[in-house]
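Participant:
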Amino acid sequence: MALRTIQSADLSGKTILVRVDFNVPIKEGVVGDDTRIRAALPTLEHLLAQKGSRLVLMSHLGRPKGGADPAFSLAPVAARLAELIGRPVQQASDVIGDAVEKELDGLESGAILMLENVRFYKEETANDPGFAEKLAKLGDVYVNDAFGSAHRAHASTEGIAKFLPSYAGFLLEKEVRFFQPVVTNPDKPFVAVIGGAKVSSKIGVLETLLPNCSALIIGGGMAYTFLKVMGHTVGSSLLEEDYLDTAKSLIDQAKEKGVELLLPLDHIVASEFSENAKPEAVDSLDIPDGKMGMDIGPKTVAKFKEVIGGAKTVLWNGPMGVFEFDNFAGGTLEVAKAIAECQGTSIVGGGDSVAAANKFQLSERMSHVSTGGGASLEFLEGKVLPGIAALEE
Ligand code: ADP
Ligand code: MG
Numbered sequence: 034m035a036l037r038t039i040q041s042a043d044l045s046g047k048t049i050l051v052r053v054d055f056n057v058p059i060k061e062g063v064v065g066d067d068t069r070i071r072a073a074l075p076t077l078e079h080l081l082a083q084k085g086s087r088l089v090l091m092s093h094l095g096r097p098k099g100g101a102d103p104a105f106s107l108a109p110v111a112a113r114l115a116e117l118i119g120r121p122v123q124q125a126s127d128v129i130g131d132a133v134e135k136e137l138d139g140l141e142s143g144a145i146l147m148l149e150n151v152r153f154y155k156e157e158t159a160n161d162p163g164f165a166e167k168l169a170k171l172g173d174v175y176v177n178d179a180f181g182s183a184h185r186a187h188a189s190t191e192g193i194a195k196f197l198p199s200y201a202g203f204l205l206e207k208e209v210r211f212f213q214p215v216v217t218n219p220d221k222p223f224v225a226v227i228g229g230a231k232v233s234s235k236i237g238v239l240e241t242l243l244p245n246c247s248a249l250i251i252g253g254g255m256a257y258t259f260l261k262v263m264g265h266t267v268g269s270s271l272l273e274e275d276y277l278d279t280a281k282s283l284i285d286q287a288k289e290k291g292v293e294l295l296l297p298l299d300h301i302v303a304s305e306f307s308e309n310a311k312p313e314a315v316d317s318l319d320i321p322d323g324k325m326g327m328d329i330g331p332k333t334v335a336k337f338k339e340v341i342g343g344a345k346t347v348l349w350n351g352p353m354g355v356f357e358f359d360n361f362a363g364g365t366l367e368v369a370k371a372i373a374e375c376q377g378t379s380i381v382g383g384g385d386s387v388a389a390a391n392k393f394q395l396s397e398r399m400s401h402v403s404t405g406g407g408a409s410l411e412f413l414e415g416k417v418l419p420g421i422a423a424l425e426e
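For what it's worth, this note's numbering labels the leading residue of the sequence shown as 34, then goes sequentially.
(1) Strictly by DSSP, which residues pair up with F223?
(2) If you pair each beta-carbon of the stretch 362–370 with each one of the stretch 237–247, do three or more pairs fall below 8 Å?
(3) Quick check on the burial criterion: 16 or more other C-beta atoms within 10 angstroms. Buried or exposed for K324?
(4) Quick one: residues in its chain with C-beta nearer than 7 Å to the C-beta of A186, no 5 flanking neighbours on either side, listed in chain order?
(5) Consider the C-beta atom of V355 and the heavy atoms of ligand 1; say whether any pair is separated by less than 8 Å.
(6) Helix, strand or coil: how does DSSP classify E313 here?
(7) Check each residue's C-beta against every heavy atom of ligand 2 and list, in chain order, those closer than 5 Å.
(8) Going by Cα to Cα distance, which pick from K195, L205, N56 is closest to A35?
(9) Please state if the CB of A179 and the CB of R96 are separated by a distance shorter than 9 Å.
(10) What residues match up with K60 in a beta bridge as DSSP calls it?
(11) Given this structure, state the Cα-to-Cα distance separating L77 from D54, to the nearest angstrom.
(12) Based on Cα-Cα distance, which residue from S269, G264, K288 lies nearest to L277?
(13) Ignoring anything shorter than 4 residues, give me the alpha helix (DSSP H) runs that lie fully in the stretch 207–286, in order along the chain.
(14) For the alpha helix (DSSP H) holding I115, just list the boundary residues, first then last.
(15) How about A230: is its Cβ closer than 8 Å to a heavy atom in ligand 1?
(16) What separation, rounded to the nearest whole angstrom, lies between the Cα atoms of L197 and T190?
(17) Using a Cβ-Cβ cutoff of less than 8 Å, which residues in the same chain neighbour E136 once the five nearest sequence positions on both sides are dropped?
(18) Quick one: measure Cβ to Cβ for M399 and S379, integer angstroms, because I've assumed they're closer than 8 Å.
(19) State yes or no: is the C-beta of P321 within less than 9 Å of the C-beta of F361?
(20) Within its chain, find whatever has a CB closer than 6 Å to the CB of A310; leave out the 5 residues flanking it on each side and keep chain order.
(21) Quick check on the DSSP output: the beta strand (DSSP E) that includes L81 runs from which residue to which?
(22) What residue range is occupied by the uninterrupted beta strand (DSSP E) comprising E293?
(23) Using the Cβ count rule (16 or more neighbours within 10 Å means buried), how would you classify Q40?
(24) What does the alpha-carbon distance come out to for the pair T346 and R69?
(25) Measure the CB-CB distance between G405 and S182 and report whether it falls below 9 Å.
(26) Suppose the cutoff is 6 Å on Cβ atoms and the five residues either side in sequence are ignored; what does the same chain contact list for F337 look like?
(27) Note the first and the last residue of the continuous alpha helix (DSSP H) segment covering I421.
(28) Classify P121 as buried or exposed, calling it buried when 16 or more other Cβ atoms lie within 10 Å of its own Cβ.
(29) DSSP three-state label for D54, please.
So this is what it looks like as structure tokens:
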């Protein structure tokens, strides 16, 4: 997949419409975690360095119910961006229309105008062509740097590209550069580390990655459905009865393709699903009645670490246990460390896995940590993301 990039585009003198993903947490009018804003800075700075350019930024924020709603205004985001980028950011009064066009008329070169929340118009999520065309009127070219929204075919992520010359921003390009090889032709040995709560939410990922894998590591809540179908007892662990056949078929596919499939060898269990539950080690594949698997055990950690250590590419999606509870975070922490330490390329996707990497302060040591939870999962399912397809050469 080759994307049209901002590096090769002549953008001088242009008014550049940039779709960013500034869907950040806001509390009492102040931005909390500003990771997403920081992630777009390289693109914005590059665009501002083009002689005579002006930027018009578009983003959504939350899920406003309909019409303009001050609770979902991007004003706090514009304020935070201004601090980070070290120049004024003007907050527009609306998304489209006469008022915005006036504000745009007054915008000098080198200046930034932040449009209001694109979801103030229901036409945004409906990908209404008329609305996309009105957005397109606000600029000469379109740049998409919103990887986190690329799996949505909305007016500001997909529809608009039909009306303007369109390019990928650095962030979006980087995400594609890391994820694309994983689903096509990864450097081998390629180890996929898949966990999280449910088999049902990861089937697409497992089926897409399996044919490319050297080893497939399965941990987290979804592992118990696999262990069950292999004839082990799983106590009161998470179990998806409806997916036993799916698990069996994946085990068979791995065998056929010569992919090493690794499942937990031992467990950390508890009597109840709670933060304060007492962790107990079970040194066996089988989990006793009344106990639920909450994390992988030490033997499993050692085995997973050994396999990860030999990888040229590691993709991690899904925690190995209930990492939100400190008593059951150990397995995820150890596996995350092994991924960070591995000599090969390490890629982390999925909202909770990224949260775990951040919690353990390991993100900096990964080759790539995705900024898009849902988008990275859909990419790993082998889907074509509409926001990306619109930027292909
Ligand atoms: P991601 O967002 O990275 O794709 P998922 O959403 O699939 O990950 O899964 C994350 C969730 O899985 C976490 O909230 C974690 O607590 C849960 N989980 C992991 N292991 C277990 C387990 N053994 N039992 C119950 N929940 C688990
Ligand atoms: Mg999740």
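In this text, a Cβ means the ideal position worked out from N, Cα and C, and glycines have one as well.
This structure is a prediction, so every number in the text was calculated from the model and none was measured.
Facilitator: Straight from the coordinates:
(1) T346
(2) no
(3) K324 is buried by the Cβ-count criterion.
(4) Correct list, in chain order: N160, P419.
(5) Yes, the beta carbon of V355 sits closer than 8 Å to at least one heavy atom of ligand 1.
(6) strand
(7) G384, D385
(8) L205
(9) no
(10) V63.
(11) 13 Å
(12) G264
(13) 236–242, 256–262
(14) Per the sequence shown, the amino acid found at residue 115 is Ala instead of Ile. Its alpha helix (DSSP H) spans residues 108–118.
(15) yes
(16) 12 Å
(17) Closer than 8 Å at Cβ, skipping near neighbours: Q123, A125, S126, L146.
(18) 5 Å
(19) Taking 9 Å as the cut-off, the beta carbon of P321 is found no closer than this to the beta carbon of F361.
(20) A303
(21) That residue, L81, is in no beta strand (DSSP E); its alpha helix (DSSP H) goes 68–81.
(22) Following the DSSP letters along the chain, one finds E293 inside the beta strand (DSSP E) bounded by residues 293–295.
(23) By the neighbour-count criterion, in which 16 or more other beta carbons inside 10 Å mark a residue as buried, Q40 falls on the exposed side.
(24) 25 Å
(25) In contact: G405 and S182 (Cβ atoms closer than 9 Å).
(26) Once the five neighbours on either side are set aside, the close Cβ partners of F337 are I250, V368.
(27) 419–422
(28) The residue in question, P121, is exposed, as its Cβ has fewer than 16 Cβ neighbours within 10 Å.
(29) coil
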